[in-house]
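> Shown below is the structure under consideration.
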Amino acid sequence: MSDKNRVLIFDTTLRDGEQSPGATMTHAEKIEIAQMLDEMGVDIIEAGFPIASEGDFAAVSEIAKNAKNSVICGLARAQFADIDRCWEAVKHARQPRIHTFIGTSPLHRAIPNLDMDQMAERIEQTVTHARNLCDNVQWSPMDATRTEHDYLCRVVEIAIKSGATTINIPDTVGYTAPRESAELIRMLLERVPGADNVIFATHCHNDLGMATANSLAAVEAGARQIECTINGLGERAGNTALEEVVMALKVRHDIMPFDTGIDTTKIMGLSRRVAQVSGFPVQFNKAIVGKNAFLHESGIHQDGVLKNIETFEIMRPADIGLNEANISMGKHSGRAALRAKLSELGYEVGDNQLKDVFVRFKALADRKKEVYDDDLVALMQDSAANTEDDFLQVKHLRVVCGSDGQSADLTMIVGGEEKSVHSEGDGPVDACFKAVQKIWPHNAELQLYQVHAVTEGTDAQATVSVRMAEEGRIATGQAADTDTILASVKAYVGALNRLKLRREMVGPDADAKQVSMYSH
C-alpha cells in the first residue's frame, strides 16, 4: 500500500480515556498500558497531560524514555507554561510530539474572552513556541465541528504556517454526523493553503453513538490519523474505539483500502487489561471485544455457524487474540496449564504474579466444579484490584443475615494496621459497607452498585462493580468472588483506595475537575 493509504493510529487511552470519571490509573498501570500499546503497533501514544499534576508529568516522562516504536505525545493548552512542561515530559522520547489546543467555537472563545483576532494571535504564538521546541507539533481547534467554517479555515492556516505538522479536527461534544465529518475534512483540504503538506486527524466523541462512523467518514475524505481509545474509554459517552476502527478497516478493506499497521491479535488482551486498570467493565454487547461479540444463541444462527462459520461471523475470534475454544480448567490443573491459558486470554504473567494467581485459582477451583475462561478473566481482574500493596485491605469478613436482622464482623488492614468492627445494617451489604465506614471514615457517596454472575450455576463467581464520588472526584471498584457479599466489600474498598490515590495525585487543594475542563 502507498503512504497515502496509511492511516496513523493515535491512542489517547492514557489521556482522554483516563479522564473518564473514576478511571484514574496508577503510575505502574500507565507504564504497563503504554508498553502494550507500543508493542501493538500504535503510531502515536498520547501519554497524558503533563501540567495537570506531578503524577501525570512523571508518567509521561517515563513512558517517553521507555517507548521503543511509538511517537510519545503530551497535551498542552495554548499557554507557554503548558507547552514548556509538556516538552520537558516528552523530550527524552525517540520520537516526541507536543499537542497543543484551544477552543475555537463561539462558545469556547467566550471562556477566555478572546475575540477572533486575539485568538488567532494566541494560536500563532503558541504553535510557533511549540515548534521551536519540537519538530513534531500537533494542533487542535477544540469544538471544531461547531466553529464557523471561515474562521476554522483561517486558524488552521495560521497553525500550519506557524509550524504544526498535524492538524486534528475534534468533534469535542459528539455532535456531528458522518456526512458532516467527511465534508468538514474535505472542505479544509480544499480551502486551506498548505493543507496538502500536513496530516489531518479526526478525534470523535460518542455522545450520539456515531464516533466510529464519523472517524471512518473523515478518513474516506482525506484524514490520515484517527484518535481513539481502547474500549472507547473517554469523557461522557467515550471516544472512537480503537478496536472498532482497526477491525472495520481490516474487514472492509474492499471499500476502505487503508492500512493501520496494528497487530490485531493483541486487541483482546489490551481491552481486558484496560478494563481492569480503569475499573470500567466492557459491556457484553460491545462491538469486537464484548463478551457476546462471538456468541450465538439463535438456533438458526447456531446451525449456520456449525455448517460454515462465515454464515454469521465477519471475523474470527483469533483475529483479535481471543481463544476460540472455551476449555474449562479444574483443581487438577497445574501452573503451566494456567500460565498457557492466561496467555491465550491476553495475560502475560511473571513468576511472582503467577504464584499469587495460582493460589487464587486453586481456591476458586475447590469451590467450583469447572473454571471457565470468563472465571479466569474475573480472577485476574480481582487480583489486580485487591493486592497486598493497597492501603485498605479486607482480611476477614463474617456476615449474619436472616429474618432477625443483618450484621457484619469485619477485619481490615489500614496502612499496615489491623482493625476490626461489628456493624448492623438494612441488609448484609449495607451492614458490611457501614462496617467499612467505621474502620475508614469517609464522605464518599455510593453512586452505583451492580452485581452480575460471571458464568452460570449456583457456584458461579459474582463480579461486583461500585462507583463512588467524593468532592468532585469519582472512582470505581470491581471485584469477583463466589461469595457475592465478599466481592461487594472488596469492590467498595477498591473504590476507596482509588479515591485516596486520586486525592494524592492532584493534591489536596487542586480543582478535581481541572483536567476535564480542558479536554478536547
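Position 406, counted from 1, in the sequence shown is what this note's numbering calls 563; the numbers after and before it change by one each time, with no gaps.
Cβ coordinates follow ideal geometry from the N, Cα and C atoms, glycine included.
Starting from Ser500, trace the beta strand (DSSP E) in both directions and tell me its first and last residue.
Here Ser500 belongs to no beta strand (DSSP E); instead the alpha helix (DSSP H) covers 492 to 501.
> For Pro207, count the other beta carbons within 10 Å of its own beta carbon; 16 or more makes it buried, fewer makes it exposed. Which is it?
Flag for Pro207 reads buried.
> Leaving out five residues on either side along the sequence, give the residues of the same chain with a beta carbon under 7 Å from the beta carbon of Phe415.
Around Phe415: Asn162, Val164, Val376, Leu406.
> I think Thr386 touches Ala398, with their Cβ atoms under 8 Å apart; what is that distance to the nearest whole Å?
Going by Cβ atoms, the distance from Thr386 to Ala398 rounds to 7 Å, so yes, they are a contact pair.
> Whole angstroms are fine: how far does the CA of Asp640 sit from the CA of Ala565?
Whole-angstrom Cα-Cα distance: 14 Å.
> Just grab the DSSP bridge partners of Gly478 for me.
Per DSSP, none; premise fails for Gly478.
> Ignoring anything shorter than 3 residues, give me the beta strand (DSSP E) runs that lie fully in the region 370 to 424, in order along the chain.
Whole beta strand (DSSP E) segments, 3+ residues: 382 to 385.
> Could you have a look at Arg172 and say whether DSSP puts it in helix, strand or coil?
Residue state, collapsed to three classes: coil.
> Run through DSSP, which three-state label would Leu605 get?
It is a strand residue.
> Between the beta-carbon of Thr329 and the beta-carbon of Ile356, is there less than 7 Å?
Their beta carbons are not under 7 Å apart, which means Thr329 does not touch Ile356 by this criterion.
> Under a three-way DSSP split, which group does Leu271 fall into?
Correct three-state label for Leu271: coil.
> According to DSSP, is Ser428 part of a helix, a strand, or is it coil?
Three-state result, Ser428: helix.
> What did DSSP end up calling Gln433 once you bin it into helix, strand or coil?
Here Gln433 sits in helix by DSSP.
> Considering only C-alpha positions, which residue in the set Asp530, Thr633, Glu501, Ala374 is nearest to Gly487?
Closest option to Gly487, Cα to Cα, is Asp530.
> When the Cα of Ile315 is compared with those of Asp272, Ser338, Leu290, Ile280, which residue comes out closest?
Cα-wise, what sits closest to Ile315 is Ile280.
> Determine the contact status of Ala648 and Val611, defining contact as a CB-CB distance below 7 Å.
No, the pair does not count as a contact, with Cβ atoms beyond the cut-off.
> Distance, Cα to Cα, Ala644 vs Phe167?
Going from the Cα of Ala644 to the Cα of Phe167 covers about 36 Å.
> Using 10 angstroms around the beta-carbon of Asn509, count the other beta-carbons present and answer buried if the total reaches 16, otherwise exposed.
The residue in question, Asn509, is exposed, as its Cβ has fewer than 16 Cβ neighbours within 10 Å.
> Which residues in the same chain as Asn654 place their Cβ atom closer than 7 Å to its Cβ, once the five residues preceding and following it in sequence are excluded?
Correct list, in chain order: Asp547, Phe548, Leu549.
> Using DSSP with H/G/I as helix, E/B as strand and the rest coil, what is Ser673?
For Ser673, the predicted model reports a pLDDT of 37, less than 50, meaning its position is unreliable; a value from the coordinates is still stated below. Three-state DSSP puts Ser673 in a helix.
> Could you check how far apart the C-beta atoms of Asn396 and Ala432 are, in whole angstroms? I think they sit under 8 Å.
Rounded, the Cβ-Cβ distance is 15 Å, inconsistent with contact.
> Let me check understanding here. Comparing Cα to Cα, which of Lys498, Gly198, Gly331, Arg311 lies closest to His360?
Of Lys498, Gly198, Gly331, Arg311, the residue nearest in Cα terms is Gly331.
> Specify whether the region 563 to 580 and the region 592 to 608 touch according to this definition: at least 3 beta carbon pairs, one from each stretch, less than 8 Å apart.
Short answer: they touch.
> Whole angstroms is fine: what's the gap from Lys423's alpha carbon to Gly478's?
Straight-line Cα distance between these residues: approximately 6 Å.
> In terms of alpha-carbon separation, which member of Gly418, Pro178, Thr183, Val439 lies closest to Asn226?
For the residues Gly418, Pro178, Thr183, Val439, the minimum Cα distance to Asn226 belongs to Gly418.
> Which residues in the same chain have their Cβ closer than 6 Å to the Cβ of Ile259, if we skip the five residues on either side of it in sequence?
For Ile259, where only same-chain residues beyond five positions count, the Cβ hits under 6 Å are Ala235.
> Since Ile631 sits in a beta bridge, which residues does DSSP pair it with?
BP columns for Ile631 point to Ala626.
> For Val557, does the count of other Cβ atoms within 10 angstroms reach 16, so buried, or fall short, so exposed?
Result: exposed.
> Bridge partners for Asp638 per DSSP, in chain order?
Beta-bridge pairing links Asp638 to Ala619.
> What residues match up with Leu567 in a beta bridge as DSSP calls it?
According to DSSP, Leu567 bridges with Leu554, Val578.
> Which of the three DSSP states is assigned to Trp597 in this structure?
Three-state result, Trp597: coil.
> Would you say Ser262 and Arg303 are within 7 Å of each other, going by their C-beta atoms?
For Ser262 and Arg303, yes; Cβs fall inside 7 Å.
> What's the gap between the Cα of Asn483 and the Cα of Gly436?
Confidence at Asn483 is low in this model, with a pLDDT of 45, below 50, so its placement is unreliable and the value that follows should be read with caution. Their backbone Cα atoms lie some 25 Å apart in a straight line.
> Around the Cβ of Val516, are there at least 16 other Cβ atoms within 10 angstroms (buried) or fewer (exposed)?
Counting Cβ neighbours within 10 Å, Val516 comes out exposed, since fewer than 16 surround it.
> Is Val363 helix, strand or coil when you go by DSSP?
First, the residue type needs correcting, since residue 363 is Asn and not Val in the sequence shown. In the structure shown, Asn363 sits in coil (DSSP, three-state: anything other than H, G, I, E or B).
> Considering only residues of the same chain and omitting the five flanking positions on each side of Met404, which have a CB-CB separation below 6 Å?
Around Met404: Ile445.
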